[in-house]
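Chemist: For the sequence shown, my numbering assigns the number 273 to the initial residue and increments by one for each residue that follows.
Ideal Cβ positions, reconstructed from N, Cα and C, are used throughout, including at glycine.
Before I ask anything, let me first share the structure, which is written out below as structure tokens.
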Amino acid sequence: MDFGIPSSLAALREAARAGRDPTAADETLALLLGEGRAISARRILEIGAGEGLTSISLSLSLGAEVVAIERDRARAAAAREHIAAFGASVELIEGDAADVLPALDEKFDLIFLDGPKVQYRMYFPECKRLLREGGTLVSDDVLLYGWVRGEPPKKRRMLAEHIREYLRLLEEDGAFETEFYEYGEGVAVSRKIYEA
Ligand SMILES: C[S@@+](CC[C@H](N)C(=O)[O-])C[C@H]1O[C@@H](n2cnc3c(N)ncnc32)[C@H](O)[C@@H]1O
């Protein structure tokens with residue numbers, strides 16, 4: 273897919289696919305860009321930035337400012353290097369999202385939730401608070417190998433249950449309208465239709 277990003281960034285995305293926590297799937301990035309354009313996103317938050325490749329792509333393609341949270345020191349360092357190399361408008365905050373999110377005090381147009389799956393339900397109130405009315409919350413990997421809607425292996429039952437609970441929170445919250453896409457390991461796109 274052509275995202276209008278430098279070929280060297282596309283090559284880094286390709287290489288990152290082999291990693292343990294790979295960068296977002298092409299379809300997911302396309303969806304993020306489509307949503308971003310539809311709502312003229314200027315301020316974007318990414319939770320679980322990895323090496324910054326999605327944040328940088330969003331910033332360069334949309335001309336947006338991105339705040340990106342990453343806990344892992346080595347990934348955060350790699351992200352900083354990539355951000356500098358591409359001259360992207362991305363502020364990388366190194367830390368645990370559970371600590372960083374409550375300290376943020378501004379509204380975002382678009383939030384990409386791609387951090388630890390077991391924490392999604394804990395992050396939900398903060399995502400809701402930080403998203404502007406009319407903004408979009410995109411949550412990655414919410415179907416996880418079919419475990420969430422089907423029968424997970426025994427050692428994955430708790431993880432599947434955490435994500436099910438997150439999806440229940442999303443679907444039961446009247447402020448959001450959610451659609452699902454079978455991209456990568458499943459993506460939820462939740463539009464905040466009013467400020468509760
Ligand atoms: C799937 S990877 C992110 C990929 C990235 N969003 C992308 O598209 O390139 C998930 C990331 O979440 C980070 N992470 C895990 N727990 C975290 C936490 N508590 N706070 C912030 N980041 C965390 C991991 O270190 C990992 O880099």
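Nearest to residue 280 by CA position, among 358, 382, 410 and 461, is which residue?
Modeler: 358
Chemist: Check residue 293 in the structure and name its three-state DSSP category.
Modeler: Assignment of residue 293 by DSSP, reduced to helix, strand and coil, places it in the coil class.
Chemist: For the segment 327 to 360, list the beta strand (DSSP E) runs that are entirely contained and at least 3 residues long, ordered along the chain.
Modeler: 337 to 342
Chemist: Note the first and the last residue of the continuous alpha helix (DSSP H) segment covering residue 462.
Modeler: Per DSSP, residue 462 belongs to no alpha helix (DSSP H); it is in the beta strand (DSSP E), 459 to 464.
Chemist: Taking the alpha-carbon positions, what's the residue 407 to residue 298 distance?
Modeler: Take the alpha-carbon of residue 407 and the one of residue 298: they are about 22 Å apart.
Chemist: Please return the same chain residues whose Cβ sits closer than 7 Å to the Cβ of residue 457, not counting the five positions on each side in sequence.
Modeler: Only 413, 415, 416 and 417 meet the Cβ criterion.
Chemist: Please report the Cβ distance between residue 382 and residue 321, rounded to the nearest whole angstrom; I am assuming they are in contact, meaning their Cβ atoms lie under 8 Å.
Modeler: In fact, because the Cβ distance is near 14 Å, the residues do not count as touching under 8 Å.
Chemist: Counting C-beta neighbours from all protein chains within 10 Å, is the total for residue 424 16 or more, i.e. buried, or is it exposed?
Modeler: buried
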